[in-house]
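Q:
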């Protein structure tokens, strides 16, 4: 009889272990669903605010938007458009043209200084030398609840202000 009880207790222990495993998987799924819902909310807010968002941005569930240099330049020059510009270029990078509105927070210090960006709803444009560090900064900001992040594709390398400055210098 004692052996029968040991067998039952072993089965109960196995059931408890299996239930614990299932609970862990359910929690993981709930967290993933919550992240997906958060992304969809962010997309809805952008649409509600009449922002131009590509079909690919919405369909792929991207958490930040890549702006072409042309689109970024157009928005940058729109006096009715409110935004925050952040330059995450390295400390030793000398920008060929200064963007007066940009907060310079070098990528090397970005995690520590990101709290300087207090508004989580205003569109944030992020630029770097070639667009690589700005992608990392957008990913970091989105993971911290900033939902309106925009990477300027190609960074300073393709920034329209740089191209126009070069043309201006050539004509002078």
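Residue numbers (our numbering): -17 to 154.
A virtual CB, placed ideally from N, CA and C, is assigned to each residue, including glycine.
Please list, in chain order, all residues of the same chain as residue 131 whose beta carbon is under 7 Å from its beta carbon, the five residues on each side excluded.
A: 46, 106, 108, 120, 123 and 124
Q: Can you give me the C-alpha to C-alpha distance between residue 71 and residue 116, rounded to a whole angstrom?
A: If you draw a straight line from the Cα of residue 71 to the Cα of residue 116, it is about 8 Å long.
Q: Drop a sphere of 10 angstroms on the beta-carbon of residue 99, count the other beta-carbons inside from all chains shown, and report buried for 16 or more, exposed for fewer.
A: buried
Q: Less than 7 Å between C-beta atoms, sequence neighbours within five positions excluded: which residues of the same chain meet that for residue 135?
A: 48, 49, 50, 51 and 113
Q: Which class does residue 154 belong to by DSSP, given the choice of helix, strand or coil?
A: In this prediction, residue 154 scores a pLDDT of 42, lower than 50, which makes its location untrustworthy; no coordinate-derived value is stated.
Q: On the premise that residue 139 lies in contact with residue 55, defined as a C-beta separation below 8 Å, what is that separation, rounded to the nearest angstrom?
A: Contact doesn't hold; Cβ gap of about 14 Å is too wide.
Q: State the Cα-Cα distance for the pair residue -3 and residue 11, rounded to the nearest angstrom.
A: Just so you know, the alpha carbons of residue -3 and residue 11 end up roughly 21 Å apart.
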